[in-house]
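Step one of this worksheet: look at the structure below.
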Amino acid sequence: MAQILKLLQVASSALPRVVQCNFRTSACLSELQKLSTVQVVDNSILGRSAVKRGKKAKIIHVYNSAGIGKIGDKVLLAICGEKKHGYIVGCKQKQKPNTPRFDNNNVVLVEENGTPTGTRIRVPIPSCLRGKDGEFTKILSIATKFV
Amino acid sequence: MNTSLIKHLCTLLLRTNGELSTISKRCYQSHRIRNQTLDKHRTSPLNKQKTEDAKNDSKPVTNKDPEVPTRFLQKNPEFLPNPDWGYRDQIAEMVERNDMYRRRRNIFMPEFYVGSILAVTLADKFALGKTSRFLGLCIYRGDQGLHHKIILRNVIDNEGVEMMYELYSPLIQKIEVIKLERRLDDELFYLRDCPLEYSYFPQDMESQNIFKDMPVTTNTIKVKLNPRPWSQRWERVDLQGVEPFTGWKSEKQRLKLKRLANQPQVKKEWEKMDLMKHYRESIPPEESMRIYGEVVKDAKDWKNREERET
Numbered sequence: 001m002a003q004i005l006k007l008l009q010v011a012s013s014a015l016p017r018v019v020q021c022n023f024r025t026s027a028c029l030s031e032l033q034k035l036s037t038v039q040v041v042d043n044s045i046l047g048r049s050a051v052k053r054g055k056k057a058k059i060i061h062v063y064n065s066a067g068i069g070k071i072g073d074k075v076l077l078a079i080c081g082e083k084k085h086g087y088i089v090g091c092k093q094k095q096k097p098n099t100p101r102f103d104n105n106n107v108v109l110v111e112e113n114g115t116p117t118g119t120r121i122r123v124p125i126p127s128c129l130r131g132k133d134g135e136f137t138k139i140l141s142i143a144t145k146f147v
Numbered sequence: 001m002n003t004s005l006i007k008h009l010c011t012l013l014l015r016t017n018g019e020l021s022t023i024s025k026r027c028y029q030s031h032r033i034r035n036q037t038l039d040k041h042r043t044s045p046l047n048k049q050k051t052e053d054a055k056n057d058s059k060p061v062t063n064k065d066p067e068v069p070t071r072f073l074q075k076n077p078e079f080l081p082n083p084d085w086g087y088r089d090q091i092a093e094m095v096e097r098n099d100m101y102r103r104r105r106n107i108f109m110p111e112f113y114v115g116s117i118l119a120v121t122l123a124d125k126f127a128l129g130k131t132s133r134f135l136g137l138c139i140y141r142g143d144q145g146l147h148h149k150i151i152l153r154n155v156i157d158n159e160g161v162e163m164m165y166e167l168y169s170p171l172i173q174k175i176e177v178i179k180l181e182r183r184l185d186d187e188l189f190y191l192r193d194c195p196l197e198y199s200y201f202p203q204d205m206e207s208q209n210i211f212k213d214m215p216v217t218t219n220t221i222k223v224k225l226n227p228r229p230w231s232q233r234w235e236r237v238d239l240q241g242v243e244p245f246t247g248w249k250s251e252k253q254r255l256k257l258k259r260l261a262n263q264p265q266v267k268k269e270w271e272k273m274d275l276m277k278h279y280r281e282s283i284p285p286e287e288s289m290r291i292y293g294e295v296v297k298d299a300k301d302w303k304n305r306e307e308r309e310t
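Just so you know, the protein sequences line up as chains A and B, in that order.
Residue 147 is where the first sequence ends in the UniProt record's numbering, and the numbering goes up by one at each step.
Residue 310 is where the second sequence ends in the UniProt record's numbering, and the numbering goes up by one at each step.
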């Protein structure tokens, strides 16, 4: 019996174990994809209430083929139990030369018809958004600063 | 494997023989000059003549002060090639350097270091007035040759903003040095995990009076890190410009951080003695002297200009 137990022990040690790591050794890519959290930077009531509650808005869909949000991409957000559309106006990810990189992932909320929910944007906006296709004119008109 | 397949592979190899001879790590750098373009330079008869001329009059650079070349290359580290031999390509370096001289005749490149405050004016077709000026602290300076890059960091409206510029890009109109100084570290990426006050400089900051051969001071400021989580594991890096970290949550975490900071892998004291590591990560002096000699030959045009502007 003891021999069988010993054999079993040996066999179990030889089996591949699934070890889950909760640390990383390399720098994070900080890509914006589904379930990544973002900061709402306009002065809409929803955005401010999300900050008050201490719950950041979550991306639940990115409207492009890659599924990874870049500057100027449209996203669907889960914010305070609601579904809202928004545009990414700043990324933490490494950018190309002459494009600004921000310390936070910034999003501006828009209604279904494309008009922004807030009336002012609190952070600087990359000027390259002016050259992107999309309904940015209304967002750009409420911006305060460009970099 | 059957013989027909081998034959097929051989023909494939023969077809791409010209490219095979030049395969190195360079191939994977998409932004560099393509190998096809370089091969034109390699096979060009003009180029052969140039190399022969260079061989004929390859006199050693004679300077009164032997420190001059090293000081020049410290100020302009982009002239030195990558120390990794896998990335070296003499022809590519020469072609890139020629382009750099051409750019330097049109724009004034001031002396600066990581830790200096710079303002870069860029041609931006989307900005008002078609130009945008960004002032910030230089937190990184790297990449060799024509693709030399800097990163400027500043805080605008309580939001940290970083801009990466390619110094030799034709879009850049003006580079101003606002404050000429160094910091204790070679890279200041830890400012991303510090309170914003450490990386705030007003956009209309007045520039310091900078003159030629000005002594460069070292700013010995020690910044304080935010509580964890950080963007990198700073406890494993031997940072000079950072105060000892105090924001631990529990006694257990404090002990862990202390233990990690005292590990030999953090201080890496053997690296001072590692001759091979030093050799691998630096350009040999003969090579750097050769490059300096080549640069000085062409530098007459833009060096006079530099002296006038400083």
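We treat Cβ as the ideally placed atom computed from N, Cα and C, and that holds for glycine.
Beta strand (DSSP E) segment containing residue i, residue limits
{"i": "N154/B", "result": "K149 to I156"}
{"i": "V147/A", "result": "It is not in any beta strand (DSSP E) - V147/A carries neither H nor E in the DSSP assignment."}
{"i": "Y140/B", "result": "T131 to G142"}
{"i": "N106/A", "result": "N106 to V110"}
{"i": "G86/A", "result": "E82 to G90"}
{"i": "E176/B", "result": "I172 to K179"}
{"i": "A78/A", "result": "K74 to I79"}
{"i": "R233/B", "result": "That residue, R233/B, is in no beta strand (DSSP E); it is neither H nor E in DSSP."}
{"i": "L118/B", "result": "I117 to A123"}
{"i": "P264/B", "result": "Note, P264/B: premise wrong, no beta strand (DSSP E); alpha helix (DSSP H) at P264 to K267."}
{"i": "K58/A", "result": "A57 to V62"}
Close-in-space but distant-in-sequence residues of the same chain around residue i (CB under 6 Å, 5 per side omitted)
{"i": "G72/A", "result": "L129 and K132"}
{"i": "G69/A", "result": "L32, V62, V75 and I88"}
{"i": "V266/B", "result": "R236 and D238"}
{"i": "R228/B", "result": "none"}
{"i": "L184/B", "result": "Q240 and G241"}
{"i": "T37/A", "result": "K56 and K58"}
Supposed close pair residue i, residue j - CB separation, criterion 8 Å
{"i": "T117/A", "j": "S49/A", "result": "Wrong, their Cβ atoms sit about 12 Å apart, outside the cutoff."}
{"i": "K55/A", "j": "Q39/A", "result": "That pair is no contact at about 12 Å."}
{"i": "F201/B", "j": "G136/B", "result": "7 Å"}
{"i": "E243/B", "j": "K258/B", "result": "The Cβ separation is near 15 Å, so there is no contact."}
{"i": "K94/A", "j": "D103/A", "result": "Between D103/A and K94/A the Cβ distance is about 13 Å, and since that is not below 8 Å, they are no contact."}
{"i": "F134/B", "j": "M164/B", "result": "Not confirmed; about 11 Å, so no contact."}
{"i": "A127/B", "j": "I33/B", "result": "Rounded, the Cβ-Cβ distance is 30 Å, inconsistent with contact."}
{"i": "L191/B", "j": "R153/B", "result": "6 Å"}
{"i": "V161/B", "j": "P124/A", "result": "6 Å"}
{"i": "V108/A", "j": "V41/A", "result": "6 Å"}
{"i": "P69/B", "j": "S288/B", "result": "7 Å"}
{"i": "R182/B", "j": "V216/B", "result": "6 Å"}
Residues near residue i by beta carbon distance below 8 Å, same chain, minus five either side
{"i": "L167/B", "result": "E78, M109, H148, K149, I150 and I175"}
{"i": "F189/B", "result": "I139, Y140, S231 and Q232"}
{"i": "S132/B", "result": "T121, L122 and D124"}
{"i": "G18/B", "result": "Low confidence applies to G18/B: its pLDDT is 41, below 50, so where it sits in the model is not reliable enough to give any reading."}
{"i": "S21/B", "result": "Unreliable positioning characterises S21/B in this predicted model, as indicated by a pLDDT of 42, which lies under 50. The coordinate reading is nonetheless provided below. Counting only Cβ-Cβ distances below 8 Å, and skipping sequence neighbours, we find nothing."}
{"i": "L35/A", "result": "K58, I59 and I60"}
{"i": "H85/A", "result": "K74, V75, L76, L77, L109, V110, E111 and E112"}
Residue i at chain A interface by Cβ criterion, 9 Å
{"i": "A92/B", "result": "no"}
{"i": "S231/B", "result": "yes"}
Cβ shell of residue i (< 7 Å), same chain only, five flanking positions each side left out
{"i": "E135/A", "result": "G114"}
{"i": "K179/B", "result": "S116, I117 and Q208"}
{"i": "A261/B", "result": "E235"}
{"i": "T144/A", "result": "R120 and I121"}
{"i": "P83/B", "result": "R280, E281, S282 and I283"}
{"i": "T16/B", "result": "At T16/B, the pLDDT of 43 sits below 50, so the modelled position is not reliable and the matter cannot be decided from this model."}
Host alpha helix (DSSP H) of residue i (start-end)
{"i": "G293/B", "result": "P285 to D298"}
{"i": "R104/B", "result": "Q90 to R104"}
{"i": "G160/B", "result": "No alpha helix (DSSP H) contains G160/B, which is instead part of the beta strand (DSSP E) from E159 to E166."}
{"i": "F72/B", "result": "E67 to K75"}
{"i": "V51/A", "result": "I45 to R53"}
Residue i at chain B interface by Cβ criterion, 9 Å
{"i": "L32/A", "result": "no"}
{"i": "T37/A", "result": "no"}
{"i": "C28/A", "result": "yes"}
{"i": "T144/A", "result": "yes"}
{"i": "residue 149/A", "result": "Nothing can be reported for residue 149/A, as the shown portion of chain A is limited to 1 through 147."}
{"i": "G90/A", "result": "yes"}
{"i": "V147/A", "result": "yes"}
{"i": "K138/A", "result": "no"}
heavy atom of the ligand COA below 8 Å from residue i C-beta
{"i": "M214/B", "result": "No copy of the ligand COA appears in this structure; indeed no ligand is present at all."}
At a CB distance below 7 Å, what residues from the region 110-132 of chain A approach chain B? Give them in sequence order. Those residues of the region 110-132 of chain A that come within reach of chain B (Cβ to Cβ, closer than 7 Å) are R122, V123, P124, S127, C128, R130 and G131.
What residues in the region 161-178 of chain B have a beta carbon less than 8 Å from any beta carbon of chain A? Within the region 161-178 of chain B, the qualifying residues are V161, E162, M163, M164, Y165, E166, S169 and L171.
Please identify, using Cβ separations under 7 Å, the residues of the region 116-142 of chain B that lie next to chain A, in order along the chain. From the region 116-142 of chain B, only L122, D124, F126, A127, S132 and F134 have a Cβ closer than 7 Å to chain A.
Got a sec: which bits of the region 149-161 of chain B sit with their beta carbon under 8 Å from any beta carbon on chain A, in order along the chain? Residues passing the 8 Å Cβ filter: K149, I156, D157, N158, E159, G160 and V161.
What are the residues of the region 181-196 of chain B that lie near chain A, defined by any Cβ-Cβ distance shorter than 7 Å? Listed in sequence order: R192.
Anything in the region 40-58 of chain A with a Cβ closer than 9 Å to a Cβ of chain B? List those residues in chain order, please. Hits within the stretch, in order: V41.
Would you list, in chain order, the members of the region 93-108 of chain A that have their beta-carbon closer than 9 Å to a beta-carbon of chain B? Answer in chain order: K94, Q95, K96, P97, N98, T99, P100, R101, F102, D103, N104 and N106.
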